[in-house]
Amino acid sequence: MPDFASSEYWEARFEKNKSTFDWLVPAKVLSNLVRDAVDETRLLDAEVLHAGCGTAESSAIRELVNDPGQIHNVDYSQAAIDAAYAREQELLKEKDSGFTDDLLEAPTETADKRDSVRQIPLQPPPTMRWSCFDLRSLDHILYLLQEQRERGRLFDVVIDKSTSDSIACGTAVPIRLPYVLSIDGWTRGILHSGYAQAAEVHPLHVLAVHMAALTKPRTGKWIVVSYSEDRFPFFPPYPKSVSHGFLPDDVLKAGFPHPKHLWRLETKEKIDVYRDESLAERKKRLASGVVHRPEVPNWLTEALVSD
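Residues 1 to 307 (full-length UniProt numbering) are what the sequence shown spells out, left to right.
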């Protein structure tokens, strides 16, 4: 079985195949899920982290906000980032070319006026942000956190389409305690005591703490599309073994924040992947031999991180 949590696996996969590919649900369905979860007025101005973007079709996500620069696409495969960024550039070039052709073909009063239109310098269109980061890495998260602070705000929305599924396949993450991203008063006390110890924590707990640190307190949302109905070990039903995500008391007392105190589950529902499918899209899907995709649950969580 492939090691879905390995950056080497994804790097090799995306090096071999750079074409656009959407996991679990089409881009259009994903963008509509985000619109359903976030008030439209807030969404237009939102800072959006697309966590584990891969080579998914990004044009629909791009249209969610006023300025494409509000969206930061992150993946831990540089090959995926390069391919997806190149795809965005191609789409912008096609769009810009069509606009320029229409402009040049527009009727003008004189040849001089027409020539002046041709000489108008065209500004490069704005693009989304693209970065290669490992969301399990504390150093990478601190760098991303500093970047957002320089922009003057944290993320309002985190979009996660099967990224948590991949990370869940990995082994425990080695960390040092007390964890520097902890927010609890007990942790603050021992953080300055000189006490420290090594520990290993389930990767989804580490991811949840990292996403909480990057997300706007009390209003930020983490929208997760997963094939698992009970993806996160910090929501009921709680696991009973460490390998499945149980957090031992000694790890918590040593200064690791329990994600159940950072996130509140708002909704969990099954997704109808064909709900926005047009007749033409249905015919195309059936012709290609794709008759049915399994329903997958959509998890929507709200950040409860305090300063």
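Beta carbons: idealized from backbone N, C-alpha and C, even for Gly.
Residue i versus residue j: straight-line alpha-carbon distance, rounded
i: Phe246; j: Ala172; result: 11 angstroms
i: Phe155; j: Asn17; result: 30 angstroms
i: Gly220; j: Val157; result: 6 angstroms
i: Thr127; j: Glu88; result: 8 angstroms
i: Phe14; j: Asp272; result: 28 angstroms
i: Ser226; j: Lys161; result: 6 angstroms
i: Arg237; j: Pro124; result: Note on residue identity: the sequence assigns Pro, not Arg, to residue 237. Each residue's Cα considered, the two are about 50 angstroms apart.
i: Val209; j: Lys95; result: 39 angstroms
i: Phe21; j: Ser31; result: 15 angstroms
i: Tyr9; j: Pro248; result: 31 angstroms
i: His261; j: Ile81; result: 33 angstroms
i: Tyr76; j: Ser7; result: 6 angstroms
i: Lys28; j: Leu177; result: 42 angstroms
i: Met211; j: Phe133; result: 13 angstroms
i: Leu279; j: Pro26; result: 15 angstroms
i: Gly170; j: Phe4; result: 7 angstroms
i: Tyr85; j: Glu200; result: 34 angstroms
Bridge-paired residues (DSSP) for residue i
i: Ala199; result: Ile175
i: His72; result: Leu49, Arg129
i: Ile42; result: One detail in the question is off: residue 42 reads as Arg in this sequence, not Ile. Answer is none; Arg42 lacks a bridge partner.
i: Thr215; result: Phe155
Secondary structure of residue i, DSSP reduced to three states
i: Trp130; result: strand
i: Leu265; result: strand
i: Thr55; result: coil
i: Thr163; result: helix
i: Lys240; result: coil
i: His210; result: helix
i: Asp3; result: coil
i: Arg231; result: coil
i: Ala254; result: coil
i: Leu181; result: coil
i: Asp82; result: helix
Run of the beta strand (DSSP E) containing residue i, from where it starts to where it stops
i: Asn66; result: No beta strand (DSSP E) contains Asn66, which DSSP labels as neither H nor E.
N- and C-terminal bounds of the alpha helix (DSSP H) containing residue i
i: Ile271; result: Taken as a continuous stretch (DSSP letters only), Ile271 belongs to no alpha helix (DSSP H), as it is neither H nor E.
i: Leu144; result: 138–151
i: Trp10; result: 7–16
i: Ala27; result: 27–37
Closest by C-alpha distance to residue i, when choosing among the options
i: Pro256; options: Phe234, Val180, Ser226; result: Looking at the sequence itself, residue 256 is Phe, so the reference to Pro does not match. Nearest C-alpha to Phe256: Val180.
i: Leu64; options: Val38, Ala51, Pro259; result: Val38
i: Ile175; options: His205, Cys169, Ile167, Pro68; result: His205
i: Asp230; options: Pro248, Ala254, Gln146, Thr267; result: Thr267
i: Glu90; options: His140, Ser58, Ile71, Gly69; result: Ser58
i: Ala198; options: Leu207, Gly152, Ala254; result: Ala254
i: Leu214; options: Ser241, Ser19, Leu135, Ala168; result: Leu135
i: His244; options: Gln146, Pro233, Leu44; result: Pro233
i: Arg218; options: Leu265, Ser241, Lys240, Asp250; result: Leu265
i: Ala196; options: Val251, Trp23, His72; result: Val251
i: Gln258; options: Pro68, Asp36, His202; result: Here residue 258 turns out to be His, not Gln, going by the sequence shown. His258 has its Cα closest to that of His202, out of Pro68, Asp36, His202.
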